[in-house]
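First comes the structure, then the notes that go with it.
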Amino acid sequence: MTNTGQVKVANSVNRAKGLPGLVEDWSSDQRAFKNVSWRKAMMWIFLLSDTFIFSIFLLSYMTSRMSTKVGWPNASEVFSLHIGHTNFPLLLIAIMTFVLISSSGTMVLAVNYGYRKDRKLTAIMLLVTALLGATFVGMQVFEWSKLISEGVRPWSNPMGAPQFGGIFFMITGFHGTHVSIGVIFLLVMAQKVWRGDYDTQKLGFFTSRKGDYECVEIMGLYWHFVDLVWVFIFAFFYLW
Amino acid sequence: MVETKNTSPPSVPPAEVDEVELYHAKSFWTKYVFSQDAKVIAIQYSGVAIAIGLVALVLSSLIRLQLGFPEMFDFITPETYYQFVTMHGMIMVVYLLTALFLGGFGNYLIPLMIGARDMSFPYVNMLSFWIYFLAVLVLVGSFFVPGGPTGAGWTLYPPQAILSGTPGGKGLGIILMLVSLALFIVGFTMGGLNYVVTVLQGRTRGMTMMRLPLTVWGIFTATVLALLAFPALLVATVMMLFDRLLETSFFMPSLVEFGDQLSYGGGSPILFQHLFWFFGHPEVYIVALPAFGIVSDLISTHARKNIFGYRMMVWAIVGIGALSFIVWAHHMYVSGMHPYFGFFFATTTLIIAVPTALKVYNWILTLWNGNIHLNTPMLFSLGFIVTFLNGGLTGLFLGNVIVDIPLSDTMFVVAHFHMVMGVAPILVVFGAIYHWYPKISGRMLDERLGKIHFWVTFVGSYLIFFPMHYIGLVGVPRRYPELGDAAFIPDSVATLNSFISLAAFIVGIAQILFLYNLFWSLRKGRPSGPNPWRATTLEWQTPHTPPAHGNFGPELPLVYRWPYDYSVPGASEDFLAQNDPGPLDSESST
Numbered sequence: 000m001t002n003t004g005q006v007k008v009a010n011s012v013n014r015a016k017g018l019p020g021l022v023e024d025w026s027s028d029q030r031a032f033k034n035v036s037w038r039k040a041m042m043w044i045f046l047l048s049d050t051f052i053f054s055i056f057l058l059s060y061m062t063s064r065m066s067t068k069v070g071w072p073n074a075s076e077v078f079s080l081h082i083g084h085t086n087f088p089l090l091l092i093a094i095m096t097f098v099l100i101s102s103s104g105t106m107v108l109a110v111n112y113g114y115r116k117d118r119k120l121t122a123i124m125l126l127v128t129a130l131l132g133a134t135f136v137g138m139q140v141f142e143w144s145k146l147i148s149e150g151v152r153p154w155s156n157p158m159g160a161p162q163f164g165g166i167f168f169m170i171t172g173f174h175g176t177h178v179s180i181g182v183i184f185l186l187v188m189a190q191k192v193w194r195g196d197y198d199t200q201k202l203g204f205f206t207s208r209k210g211d212y213e214c215v216e217i218m219g220l221y222w223h224f225v226d227l228v229w230v231f232i233f234a235f236f237y238l239w
Numbered sequence: 000m001v002e003t004k005n006t007s008p009p010s011v012p013p014a015e016v017d018e019v020e021l022y023h024a025k026s027f028w029t030k031y032v033f034s035q036d037a038k039v040i041a042i043q044y045s046g047v048a049i050a051i052g053l054v055a056l057v058l059s060s061l062i063r064l065q066l067g068f069p070e071m072f073d074f075i076t077p078e079t080y081y082q083f084v085t086m087h088g089m090i091m092v093v094y095l096l097t098a099l100f101l102g103g104f105g106n107y108l109i110p111l112m113i114g115a116r117d118m119s120f121p122y123v124n125m126l127s128f129w130i131y132f133l134a135v136l137v138l139v140g141s142f143f144v145p146g147g148p149t150g151a152g153w154t155l156y157p158p159q160a161i162l163s164g165t166p167g168g169k170g171l172g173i174i175l176m177l178v179s180l181a182l183f184i185v186g187f188t189m190g191g192l193n194y195v196v197t198v199l200q201g202r203t204r205g206m207t208m209m210r211l212p213l214t215v216w217g218i219f220t221a222t223v224l225a226l227l228a229f230p231a232l233l234v235a236t237v238m239m240l241f242d243r244l245l246e247t248s249f250f251m252p253s254l255v256e257f258g259d260q261l262s263y264g265g266g267s268p269i270l271f272q273h274l275f276w277f278f279g280h281p282e283v284y285i286v287a288l289p290a291f292g293i294v295s296d297l298i299s300t301h302a303r304k305n306i307f308g309y310r311m312m313v314w315a316i317v318g319i320g321a322l323s324f325i326v327w328a329h330h331m332y333v334s335g336m337h338p339y340f341g342f343f344f345a346t347t348t349l350i351i352a353v354p355t356a357l358k359v360y361n362w363i364l365t366l367w368n369g370n371i372h373l374n375t376p377m378l379f380s381l382g383f384i385v386t387f388l389n390g391g392l393t394g395l396f397l398g399n400v401i402v403d404i405p406l407s408d409t410m411f412v413v414a415h416f417h418m419v420m421g422v423a424p425i426l427v428v429f430g431a432i433y434h435w436y437p438k439i440s441g442r443m444l445d446e447r448l449g450k451i452h453f454w455v456t457f458v459g460s461y462l463i464f465f466p467m468h469y470i471g472l473v474g475v476p477r478r479y480p481e482l483g484d485a486a487f488i489p490d491s492v493a494t495l496n497s498f499i500s501l502a503a504f505i506v507g508i509a510q511i512l513f514l515y516n517l518f519w520s521l522r523k524g525r526p527s528g529p530n531p532w533r534a535t536t537l538e539w540q541t542p543h544t545p546p547a548h549g550n551f552g553p554e555l556p557l558v559y560r561w562p563y564d565y566s567v568p569g570a571s572e573d574f575l576a577q578n579d580p581g582p583l584d585s586e587s588s589t
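Line order of the protein sequences matches chains A and R. Numbering of the first sequence is given in numbering that gives the first Met the number 0, commencing with residue 0 and proceeding in unit increments. Numbering of the second sequence is given in numbering that gives the first Met the number 0, commencing with residue 0 and proceeding in unit increments.
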């Protein structure tokens, strides 16, 4: 009786490479993805479903933007920071993007140290990732309050089309919620790693299942996904 | 029951997945209420779905009261009529059929049929049910708020859905409806991830994808569709909630309401229609594909004959699933889309007829020269094939743009989709309950009551929906509480409407027989034994009936063959169970 993360592919299975291998795996015995644990498969399928949510959000945004009668606000003016006497277009958003992408880097380090069973460094890297994620959310709060103080509301917008406010708050809010949930899970996981739950095979509080360092990698999948989504939001909102 | 031992021939595949430690319930609460056992969750899902479905059945009777006997009942005003229609549609499609097929049958049958101890993530599975239950509570709650539930029609088209002219539009009705849908989607996603992962990664030894019973194939494909289609509804729900609560204008053009210029402006109602039907059309197949799968297993078992063209059936299910994502705008021919879109979507819609027709041919060829036992599950399956064919043929009319435009928003459309996604899947639900009830309870349902139930339901549905096609062809629009004295409507329509209503009441009352049968047989039914239908699939080979926690004995079954080995020459019985090594060699079968 061990946990479900452990994968044993029998040695007798000689698998073909490439497309024939894919077909062989799918038509084979017991499991379609040969060296993928249940929870990792679940995360991938969840992310596929989530991809649809964000794609449909962005498609709705594009449709609204193309069909609105009033002009769309100019991104490099709306999202600029006024420091001293000059306007820096996209300065804040550049920093935010940098922070979030960096957090993907520290997440990768956490996964790496996790597989080396380096308990402390893994926990530290998870904490750093969570910290960067929280910084991102904090800067988003700043950006929101700046826009709100300039009069942007979900239902109206002094700079142009009223849909701008609604769509912007909705989509960045939905993404920000994803980041915030990620931060909470990172903190919980950092505590588990620090305590050594994955070394002592402690049962999960809710699920009564044993965890191991693969959980860090699955957390990483989610985190990188949230980053990737941000790249698209960044491109469609700030560069269009 | 075949006890599988590790001393079996060397061709036995090694176990790739270690046994998972099951969660063992310690108290009444964790065993029956917050249970993590897929079988208990399945019964919880089915119970709630059937209960809310009965509410929708009562609503449909109220609709028929008004249509059959207009101006006779004071308590049905146009407003309440719209509320009845809306809630009837929404409950039947989402909260009954989707939840029952995937949450109910999916939870019960997937682990048993693929030879797993339980779903891959029992805790998430439990959450899935309780969030679904919460969604149902919110939905029911909307009946009791001031202004009542929403009356926007089950499609909830804006702008009218959130304006004061529509019942519930400015009250809590529409808000609770949208919140309930969002909750349903969250809950379903949790369950859906479970079903997909369990089928892909949790099968027992020897159970390849091409040895799965078609029931599992149907439920699996439908779940994949749901995981990809529900996001569109979730996004539409969130955006409409914002339109209603924050006065954003995602779906709202500038409007004058009762002389007042509203603050909305610049939104696109057509965008909502696209989002809704991008969910709505796959939803039809989310309901239909499990029915296809189940009916394949039922007719094969009760005709004692292997399914004809198993591979074709699998590919038809997958093909229909894929095609269902590129046909959505055939619901929108009259919305003012570009005509080229109509051309494209009419073409894809008609292409879907190919795999569906293929399935119907294969069912008929399965029955051909079979040893057909005309028991209740078989009767319901035959009823399904006929009904689905009828509904499918009218679908060909509606799929063509020029034929659809005059028929749009008439009772013809109502008759069509009730035939194809109302009556047909419900017949399968009944057939499936008569078929699997012995495994769930250990007792047979009463055959005599079952046959009466079948004939009244089957003949009754035709008496309801066949005349409705005619009413629609005359040009009677749908969603009108009463018709008044329109010159183009002949008197026969009123007579037919009364007749339809009477038939509907008889069918509705006949369902009491079914419920009585369910409860009576639970105590007094004939004990069934482990495998009353002498079926081949794994759920009938469990050591206990009903199956115990963990489903199978100390060892999971070992699968030697596909699930359709009926009437095999040389076998001692007329069927070979999937875990039966067989009389010949152990690696004999397909």
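Each residue gets a CB set at the ideal place from its N, CA and C atoms; glycine is no exception.
Measuring only the C-alpha atoms, how far is residue i from residue j?
i	j	result
S207 (chain A)	I52 (chain A)	30 Å
L47 (chain A)	T494 (chain R)	52 Å
T154 (chain R)	T346 (chain R)	24 Å
I42 (chain R)	G103 (chain R)	6 Å
V110 (chain A)	L227 (chain A)	18 Å
V274 (chain A)	Q200 (chain R)	Past the boundaries of the shown model lies residue 274 (chain A); chain A is included only from 0 to 239, so the question cannot be answered.
N516 (chain R)	F504 (chain R)	19 Å
V35 (chain A)	K450 (chain R)	48 Å
F291 (chain R)	R194 (chain A)	51 Å
P476 (chain R)	F224 (chain A)	48 Å
P158 (chain R)	Q190 (chain A)	49 Å
R116 (chain R)	Y22 (chain R)	11 Å
Give the interface partners of residue i over in chain R, defined as CB-CB distance under 8 Å, in chain order.
i	result
D196 (chain A)	Correct list: empty, because the minimum Cβ distance to chain R is about 16 Å.
Please list, in chain order, all residues of the same chain as residue i whose beta carbon is under 7 Å from its beta carbon, the five residues on each side excluded.
i	result
M71 (chain R)	none
T6 (chain R)	In this predicted model, T6 (chain R) has a pLDDT of only 47, less than 50, meaning its place in the structure is not dependable; the value taken from the coordinates is given anyway. Cβ neighbours of T6 (chain R) beyond the five flanking positions: none.
G441 (chain R)	P526, S527, T544 and P545
A9 (chain A)	Caution applies to A9 (chain A), whose pLDDT of 49 falls short of 50 and renders its modelled position unreliable; the value that the coordinates give is listed next. Nothing meets the Cβ criterion.
Taking the beta carbon of residue i as the centre, do at least 16 other beta carbons fall within 10 Å, making it buried, or is it exposed?
i	result
G116 (chain A)	Just to set this straight, residue 116 (chain A) is Lys in the shown sequence, not Gly. That one is exposed.
L381 (chain R)	buried
T199 (chain A)	exposed
K16 (chain A)	exposed
A241 (chain A)	Within the shown structure, residues of chain A are numbered from 0 to 239, placing residue 241 (chain A) beyond reach of any answer.
N156 (chain A)	buried
N530 (chain R)	buried
S571 (chain R)	exposed
T214 (chain R)	buried
E256 (chain R)	exposed
E149 (chain A)	exposed
Near residue i, what residues of its chain come up, given a Cβ to Cβ distance below 6 Å and the 5 sequence neighbours on each side ignored?
i	result
L555 (chain R)	G114 and T203
S179 (chain R)	A134, V137 and L138
L232 (chain R)	F278
P437 (chain R)	M443, S527 and P531
Considering only DSSP beta bridges, list what residue i is partnered with.
i	result
V255 (chain R)	R:Q260
L397 (chain R)	According to DSSP, L397 (chain R) bridges with nothing at all.
D242 (chain R)	Bridge partners of D242 (chain R): none, in fact.
D445 (chain R)	DSSP, once it has assigned bridges, lists no residue as partnering D445 (chain R).
Using a Cβ cut-off of 7 Å, pull out every chain R residue sitting near residue i, in sequence order please.
i	result
T67 (chain A)	G265
S207 (chain A)	Y22
Whose Cβ in chain A lies nearer than 9 Å to the Cβ of residue i?
i	result
V195 (chain R)	A40, M41 and I44
L226 (chain R)	I44, F45, L47, S48 and F51
Does at least one heavy atom of the ligand NAD sit under 6 Å from the Cβ of residue i?
i	result
F453 (chain R)	This structure lacks the ligand NAD; in fact it carries no ligand of any kind.
For residue i, collect the residues of the same chain with a Cβ closer than 8 Å to its Cβ; drop the 5 residues on either side in sequence, then sort them by chain order.
i	result
L89 (chain A)	A74, S75, F78, S79 and Y237
What does residue i reach in chain R if we use C-beta pairs closer than 9 Å?
i	result
Q29 (chain A)	P12, A14, E15, V16, Q200, G201, R202, T203, R204, G205, M206 and T207
S63 (chain A)	S248, F249, G265, G266, S267 and L270
For residue i, go through chain A and note every residue whose CB falls closer than 8 Å to its CB, in chain order.
i	result
V234 (chain R)	I52, I55, F56 and S59
Chain A partners of residue i, CB-CB under 7 Å?
i	result
F183 (chain R)	Under the 7 Å cutoff, chain A gives no residues; its nearest Cβ is about 15 Å from F183 (chain R).
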